[in-house]
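Using the working numbering, read the sequence shown as starting at 29 and increasing by one per residue. Idealized CB from N, CA, C, for every residue including glycine. First up is the structure itself, then whatever we jot down about it.
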Amino acid sequence: MKLPPREAAISIRGLRKSFGGQPVYSGFDLDVRRGDILAVFGPNGCGKSTLINMAAGLLPKDGGEILYDEREVQDVRVGYVFQNYREALFPWRRAAENIRYPLRLMGLKRAEIEARVEKLAAQFRVRFDLNRYPYELSGGQQQLVSIMRALAVQPEVLFLDEPFSALDYETTLSLRSLLQDVLKEMRVTTVLVSHDLEESIVLADRLLMLRRRPTSVADDVPVPLAWPRDAATLSAPDFIAIKARCLDVFQQAVAA
Ligand SMILES: Nc1ncnc2c1ncn2[C@@H]1O[C@H](COP(=O)(O)OP(=O)(O)OP(=O)(O)O)[C@@H](O)[C@H]1O
Ligand SMILES: [Mg+2]
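Below is the structure:
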């Protein structure tokens, strides 16, 4: 099986999408650099999920192009983590089976599948039994399993739709920290949707602030903070300066 060895760059040009005659995107452009983590921040209904669903090939676009190093999405290995972990996992499959499932579809050998599951379990420091069913796991554990499933295919690009929004603060902090380590180690190009500004800054190389209808970019903010980022990052002067800039844009351009 031929597997391109590296993360993909994303190029979006002239993207168009309407629902019931109401445009959400009308001529939207975006480039995401290879290996970057892009956070997409914006108010409810501005089109964040619509954007990544089109990019991931889950929702048809009306026009324009979304290319990954010149390739269409169907020729790209994509990982996707849904907002609602309760509906994301197959409830009738054990956690480990959920993670193995896309690898079986890819036709990987059993030894390779087990090696990948074990490696991910070590990277994410999994301490619960992966032979349990999703209903036997906490919300944080289920979301961790969905993230592991998305990464198991060794995606060239990973989409996460508000992956921590249903989790408590402690679980969110711990998952965020594990995720950033793994993403930086695997070097996967990532688009993370969030409506938590602090989270968007902490996890991103670059933050895109969107405003509504038709969706446009209110600000495009580089986040050159050192990795790894931890609790101390949240009170570092550089972090506070970026957050202040974003809050300012938010008040001027997004909430207005
Ligand atoms: N299947 C659909 N049918 C009709 N309208 C839709 C559909 N999906 C999205 N929309 C509309 O498109 C707009 C963008 O929706 P989208 O779900 O992308 O927003 P979002 O930024 O992800 O919001 P949230 O923060 O609430 O998740 C909204 O006005 C929404 O009502
Ligand atoms: Mg959404």
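| message | Give me, in chain order, the residues of the same chain whose beta-carbon lies closer than 8 Å to that of L225; leave out the 5 immediate sequence neighbours on both sides. | response | Counting from 1 along the sequence shown, the entry for residue 225 is found at position 197. Excluding positions up to five away in sequence, the list reads F69, K271, C274, L275 and F278.
| Where DSSP assigns a beta bridge to K45, which residues make up the other side? | Counting from one through the sequence shown, the residue named residue 45 turns up at place 17. Partner(s): Y53.
| What separation, rounded to the nearest whole angstrom, lies between the Cα atoms of A264 and F118? | Here residue 264 refers to the residue found at position 236 of the sequence shown. Here residue 118 refers to the residue found at position 90 of the sequence shown. Rounded to whole angstroms, A264 to F118 spans 41 Å at the Cα level.
| the region 177-185 touching the region 206-219, judged by at least three CB pairs closer than 8 Å | yes
| request: Measure the C-alpha to C-alpha separation of P162 and L195 and round it to an integer number of angstroms. | output: Here residue 162 corresponds to residue number 134 of the sequence shown, with the count starting at 1. Here residue 195 corresponds to residue number 167 of the sequence shown, with the count starting at 1. Their Cα atoms are separated by approximately 15 Å.
| query | How about S202: is its Cβ closer than 6 Å to a heavy atom in ligand 2? | reply | Residue numbering aside, residue 202 sits at position 174 when the sequence shown is read from its first letter. Incorrect: S202 has no Cβ contact closer than 6 Å to ligand 2.
| field | Heavy atom of ligand 1 within 6 Å of F278 beta-carbon | value | For the purposes of this step, residue 278 is taken as residue 250 along the sequence shown, with counting starting at 1. Outside the cutoff, so no.
| request: Please list, in chain order, all residues of the same chain as Q102 whose beta carbon is under 8 Å from its beta carbon, the five residues on each side excluded. | output: What you label residue 102 is simply residue 74 of the sequence shown in a count that begins at 1. Excluding positions up to five away in sequence, the list reads G85.
| field | Within 7 Å of ligand 2: residues by beta-carbon to any heavy atom | value | K76, S77, Q111, D189, E190 and V221
| message | Taking 6 Å as the cut-off, is the C-beta of G92 nearer than that to any heavy atom in ligand 1? | response | On the sequence shown, residue 92 is found 64 positions in, with the first residue counted as 1. Not so, every heavy atom of ligand 1 lies at least 6 Å from the Cβ.
| message | Using CA atoms only, rank isn't needed, just tell me which of S54, D59 and V52 is closest to S39. | response | Here residue 39 refers to the residue found at position 11 of the sequence shown. Taking only the C-alpha atoms, the option nearest S39 is D59.
| query | In whole angstroms, what separates the C-alpha of G63 from that of E140? | reply | Translated into the one-based positions of the sequence shown, residue 63 becomes position 35. Translated into the one-based positions of the sequence shown, residue 140 becomes position 112. C-alpha separation (whole angstroms): 24 Å.
| Can we count F56 as close to ligand 1, meaning its CB is less than 6 Å from some heavy atom? | Taking the first residue of the sequence shown as position 1, residue 56 is located at position 28. No - ligand 1 has no heavy atom lying nearer than 6 Å to the Cβ of F56.
| said: Just verifying my parser: in three-state terms, what is the DSSP assignment at Y96? | reply: Position 68 of the sequence shown, counting from 1, holds the residue named residue 96. DSSP places Y96 in strand when its eight states are reduced to three.
| field | Helix, strand or coil at T218 according to DSSP, with G and I counted as helix | value | If you number the sequence shown from 1, residue 218 lands on position 190. Strand, per DSSP.
| said: I need the DSSP call for M237, collapsed to helix, strand or coil. | reply: For the purposes of this step, residue 237 is taken as residue 209 along the sequence shown, with counting starting at 1. In the structure shown, M237 sits in a strand (DSSP, three-state: E or B).
| Under 7 Å between the Cβ atoms of Y108 and A36? | Translated into positions along the sequence shown, residue 108 becomes position 80. Translated into positions along the sequence shown, residue 36 becomes position 8. Cβ distance not < 7 Å, so Y108 and A36 don't count as in contact.
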